[in-house]
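Read the structure below first, then the notes.
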Amino acid sequence: MLVNRLSGLVLPSTSKWLMDNVVARQQWDLLPKLALAAGVATLVEATTSFLLSQILGVAAQRAITDLRKDVEAHVMRLPVRYFDSTKSGVLISRIMTDAEGIRNLVGTGLVQLPAPSSRARSRSSFSST
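Basically my numbering = 1-based index in the sequence shown + 25.
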């Protein structure tokens, strides 16, 4: 995740170098190096984003499977009178909805969690120079 966030910071810094050095100071020899750095950083960011989403997707599926096994074991231990007094649709809805909440948290929530703070820090550090 750290490599992904750091490679995401390369593109804003290359734009800064492009405007400050290449355009303003006319150092045209830096242009191919900046383009290469931006291209490599974009490829690294795309690759790490894909791998991270795959890893977290597998972790989310495992967590959901474990949760559903635990819920199934709990439901099987409930007395028969519970099933007599509870509508089957309510029970099934509860079991399925709780697991989907875990999938949303682990699958996408953890990936996006550090993004706002790291982008805010990068904006403030580039705007202050």
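All C-beta atoms, glycine included, are put in the ideal place defined by N, C-alpha and C.
**Report entry** Straight-line gap, V10 to V100 (C-alpha atoms, nearest Å)
**Finding:** Outside the shown range of the chain (26 to 154) lies residue 10, about which nothing can therefore be said.
Query - Cβ-based burial, G114 [other Cβ within 10 Å; buried from 16] - result: Exposed is the label assigned to G114, since fewer than 16 other Cβ atoms lie within 10 Å of its Cβ.
Requested in this report: Thinking I127 and L92 are a contact (beta carbons under 8 Å), I'd like their distance in whole angstroms, please.
Outcome: Contact annotation, I127 with L92: C-beta distance approximately 6 Å; criterion of less than 8 Å satisfied.
Query raised in the report: Given 8 Å as the limit, is there contact between the region 73-89 and the region 51-63, that is, 3 or more CB pairs closer than that?
Result: No, the region 73-89 is not in contact with the region 51-63.
**Report entry** Pairwise C-alpha distance: I120 and A88
**Finding:** Rounded to whole angstroms, A88 to I120 spans 14 Å at the Cα level.
Query raised in the report: By how many angstroms is the C-alpha of D123 removed from the C-alpha of V105?
Result: Rounded to whole angstroms, the gap between the alpha carbons of V105 and D123 is 23 Å.
**Report entry** Burial state of T39 (16 or more Cβ within 10 Å)
**Finding:** Of the other Cβ atoms in all chains shown, 16 or more fall within 10 Å of the Cβ of T39; this residue is therefore buried.
Query raised in the report: What does a CB cutoff of less than 8 Å around L172 pick up in its chain, not counting 5 residues either side in sequence?
Result: Residue coverage of the chain in this structure runs from 26 to 154, which leaves residue 172 outside it and unanswerable.
Query - Endpoints, alpha helix (DSSP H) assigned at N29 - result: First-last of the alpha helix (DSSP H) with N29: 27-33.
**Report entry** DSSP-derived helix/strand/coil call for A71
**Finding:** In this structure, A71 counts as helix in the three-state DSSP scheme.
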